[in-house]
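Peer 1: This is the structure I have questions about; it appears just below.
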Amino acid sequence: MALKTFTWCVDAGASRTTELKTNTVSFGDGYEQVSSFGINNARESWPVTKTGYKAEIDAIYDFIVEHKNVTPFYVEIAGETKTYRTDSNPTTSHIGADVWQISFNLKQAFIP
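Each residue of the sequence shown is one higher than the one before, starting from 12 at the first, in this note's numbering.
Structure, rendered in structure tokens:
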């Protein structure tokens, strides 16, 4: 299955969070042994927002709902293209006139 590409530019100001997965074993004398949890133990997430005309926001909403928080897709953020999936429900807000805003979270997806 070929992955689709999220082609819209999101609003400036998105913040990256990196989750680092580790295993820690603590011993009685205060010593701890720490190791990576899996081969992809660093995962990025981005809460993003897009403001635009209703037709554009509806197209983004349809794209997100089509992927159902399960299927990954390509996204270019901060000059890098990686695979992500959404991990939250999209929220749309009416700003005024024909201007709308959509917010959702992107979580890095690792594919074989």
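C-beta: ideal position from N, C-alpha, C; glycine also. In this text, all values refer to a predicted model and were calculated from it rather than measured experimentally.
1) What would DSSP say about Y95, mapped onto helix, strand or coil?
2) Spatial neighbours of K65 within its chain, please: CB distance less than 7 Å, with the 5 preceding and 5 following residues excluded, ordered by chain position.
3) K65 by DSSP, collapsed to three states: which one?
4) Looking at the secondary structure, which residues open and close the beta strand (DSSP E) in which S114 lies?
5) Would you mind stating whether F115 and V59 have Cβ atoms separated by less than 8 Å?
Peer 2: Put simply:
1) Here Y95 sits in strand by DSSP.
2) Taking C-beta separations shorter than 7 Å and ignoring five residues to either side along the sequence, the partners of K65 in its chain run D109, W111, following chain order.
3) For K65, the three-state secondary structure derived from DSSP is helix.
4) Residues 110-119.
5) In contact: F115 and V59 (Cβ atoms closer than 8 Å).
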